[in-house]
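Written below as structure tokens is the structure these notes are about.
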Amino acid sequence: MLNFHDLEEDLRLELADDSLCLEREVFGGIVNKAAHFRSVKTGQSFLVKLHAFNDELVHKKTVCESRVHYKGDKSGLTGTIKFGSDFDHFIGTFRTGQMWRDTWQEYFIGDILQPLMSGLQTKYSDRTLSEKWAWLQRYIPKVFEKESLTPAINHGDLCLANFGQTEKGPVVFDPSVLYGHCQFDLILSYLEEAFDEQFFQEYHKIIPKSSRCNDFLLVYEFFYHAVMWYHIDDVKYQCSTHSSADRVKDMLQKQYITT
Numbered sequence: 281m282l283n284f285h286d287l288e289e290d291l292r293l294e295l296a297d298d299s300l301c302l303e304r305e306v307f308g309g310i311v312n313k314a315a316h317f318r319s320v321k322t323g324q325s326f327l328v329k330l331h332a333f334n335d336e337l338v339h340k341k342t343v344c345e346s347r348v349h350y351k352g353d354k355s356g357l358t359g360t361i362k363f364g365s366d367f368d369h370f371i372g373t374f375r376t377g378q379m380w381r382d383t384w385q386e387y388f389i390g391d392i393l394q395p396l397m398s399g400l401q402t403k404y405s406d407r408t409l410s411e412k413w414a415w416l417q418r419y420i421p422k423v424f425e426k427e428s429l430t431p432a433i434n435h436g437d438l439c440l441a442n443f444g445q446t447e448k449g450p451v452v453f454d455p456s457v458l459y460g461h462c463q464f465d466l467i468l469s470y471l472e473e474a475f476d477e478q479f480f481q482e483y484h485k486i487i488p489k490s491s492r493c494n495d496f497l498l499v500y501e502f503f504y505h506a507v508m509w510y511h512i513d514d515v516k517y518q519c520s521t522h523s524s525a526d527r528v529k530d531m532l533q534k535q536y537i538t539t
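The opening position of the sequence shown corresponds to residue 281 in this note's numbering, with each subsequent residue numbered one higher.
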């Protein structure tokens, strides 16, 4: 049985390898079945550079199109500059539809958080949370303003249960894939069976750490607690959702709202 911490070390080491390519088939940029990458140097397979892959495709297309005799990419792999998905996106039983948006805040707030809040209201009729959300919905976009966020392939469920082993090496299964902010995909890695700091140091050598990293995490943590409560009717998840909403509001008032 694969030891999770051994896998974590493999992932960390592979993040330091700059010669990796996608092995599994990609349809329209969406990873099919499993996020499965291969090291050119060693031939071993790991989940690596998933979040950098779309940027690399977009950059390659831009460079190629600048050439006079460019006739198109024969590989069939194309990147996207929009956020969203061609498919319904499931987070447990919570589902978002098929849509594309120009900005991450449009997609995340309008097409993920808003339906989630509506679902919570339908299930629990929590007027206090609705009032908190009405305020947060107005000001959360400020966290993303003036940030150059580009779409990254998000696995959507990077948790311990989806790490496994194939004959080709470690792999992450059961994606619920969308194009989103790369840090959104890491929230489970921070909160559940958290990877150690060394892993994230290597990760941020590839994906530079934003100065607003901690602010993003607070917002995504609110989503995490809300989606947990959506699935589990328990007072502790209700309390954690409210507490997280309060922390986000406090952060916004201190750092983003001028009086």
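Quick reminder that beta carbons are idealized off the backbone N, C-alpha and C, glycines included.
Which of helix, strand or coil DSSP assigns to R251:
The displayed coordinates of the chain run from 281 to 539. Any statement about residue 251 would go beyond what the structure contains.
Can at least three beta-carbon pairs, one atom from the region 382-391 and one from the region 403-410, be found at a separation below 8 Å?
no
Give the DSSP-derived three-state secondary structure of T376 in the structure shown.
strand
Secondary structure of I537, DSSP reduced to three states
coil
Option nearest D366 by Cα separation, candidates K529, V457, L471 and D526
V457
How should A432 be labelled, buried or exposed, when 16 other C-beta atoms within 10 angstroms of its C-beta is the threshold for buried?
buried
Using a Cβ-Cβ cutoff of less than 6 Å, which residues in the same chain neighbour T521 once the five nearest sequence positions on both sides are dropped?
H505, A506 and W509
Stretch pair the region 459-466 + the region 492-500: three plus CB contacts closer than 8 Å:
yes
Can you tell me the Cβ-Cβ gap for A525 and K422, rounded? I've got them flagged as a contact below 8 Å.
That pair is no contact at about 16 Å.
Which class does G399 belong to by DSSP, given the choice of helix, strand or coil?
helix
Status (buried if at least 16 other CB within 10 Å, exposed otherwise) for T538:
exposed
Kindly identify the DSSP beta-bridge partner or partners of Y419.
DSSP, once it has assigned bridges, lists no residue as partnering Y419.
Tell me which residue opens and which closes the beta strand (DSSP E) that F480 is part of.
No beta strand (DSSP E) contains F480, which is instead part of the alpha helix (DSSP H) from E477 to I486.
In chain order, what residues of the same chain have a beta carbon less than 6 Å from the beta carbon of Y517, not counting five sequence neighbours either side?
M508 and W509
Rounded to a whole number of angstroms, what is the C-alpha to C-alpha distance between I361 and P488?
19 Å
If you compare alpha carbons, which of V338, R375, Y470 and L337 is closest to H511?
R375
According to DSSP, is L497 helix, strand or coil?
helix
Can you find the residues in the same chain that come closer than 6 Å, C-beta to C-beta, to E501, ignoring five residues on each side of it along the sequence?
S524
Return the chain-ordered list of same chain residues with a C-beta closer than 7 Å to the C-beta of E336, the five sequence neighbours on each side being excluded.
none
Output the distance between the C-alpha atoms of L268 and Y483, rounded to the nearest integer angstrom.
Outside the displayed range of the chain (281 to 539) lies residue 268, so it cannot be described from this structure.
In angstroms, rounded to a whole number, what distance separates the CA positions of T373 and L471?
20 Å
Compare the Cα-Cα distances from Q385 to each of G359, G436, A332 and Q417 and report the closest residue.
Q417
If you follow the beta strand (DSSP E) that L250 is in, where does it begin and where does it stop?
The structure shown has nothing for residue 250, since the chain only spans 281 to 539.
Can you tell me whether G377 is buried or exposed? The criterion is at least 16 other CB atoms within 10 Å of its CB, across all chains shown.
exposed
Where I467 falls: helix, strand or coil (DSSP)
helix
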